[in-house]
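Q: Residue numbers (the numbering used here): 1 to 82. Here it is: the structure, laid out below.
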């Protein structure tokens with residue numbers, strides 16, 4: 001699937017993955033697959049981009065806002081396990 005907060009369903013914002021991870025943690029839901037997918041869509045610099053279309057980077061690369069949110073959400077998801 002595609003993590004999409006946009007109505008057309010095939011585009012997503014770079015930080016949608018992080019928001020989903022935060023939500024999963026808040027609801028105490030397993031999110032290993034989401035974390036793995038979020039890490040797989042990073043760009044060639046290892047960061048997240050502004051937008052994704054069908055899970056492919058689209059728009060501005062290496063976005064600090066999106067990357068920061070996703071990294072923090074990943075750390076939160078990983079600490080839940082310990």
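Even glycine gets a Cβ: it sits at the ideal position worked out from N, Cα and C.
(1) Hey, residue 73 and residue 22: beta-carbon distance below 8 Å or not?
(2) Give me the Cβ distance between residue 24 and residue 34, rounded to the nearest whole Å; I'm assuming they're in contact under 8 Å.
(3) May I ask you to list the residues that DSSP assigns as paired with residue 40?
(4) Hey, could you find the ends of the alpha helix (DSSP H) residue 20 is sitting in?
(5) Looking at C-alpha atoms only, which residue of 44, 71 and 53 is the closest neighbour of residue 13?
A: On the basis of the supplied data:
(1) In the chain shown, the residue the question calls residue 73 occupies position 73. In the chain shown, the residue the question calls residue 22 occupies position 22. Yes, the pair counts as a contact, with Cβ atoms nearer than the cut-off.
(2) By one-based count along the chain shown, residue 24 stands at place 24. By one-based count along the chain shown, residue 34 stands at place 34. Between residue 34 and residue 24 the Cβ distance is about 7 Å, and since that is below 8 Å, they are a contact.
(3) Working through the chain shown from its first residue, we reach residue 40 at position 40. For residue 40, which the question treats as bridged, DSSP gives no partner whatsoever.
(4) By 1-based counting over the chain shown, the position of residue 20 is 20. Residues 16-26.
(5) Here residue 13 is taken as the residue at index 13 of the chain shown, counted from 1. For the residues 44, 71 and 53, the minimum Cα distance to residue 13 belongs to 53.
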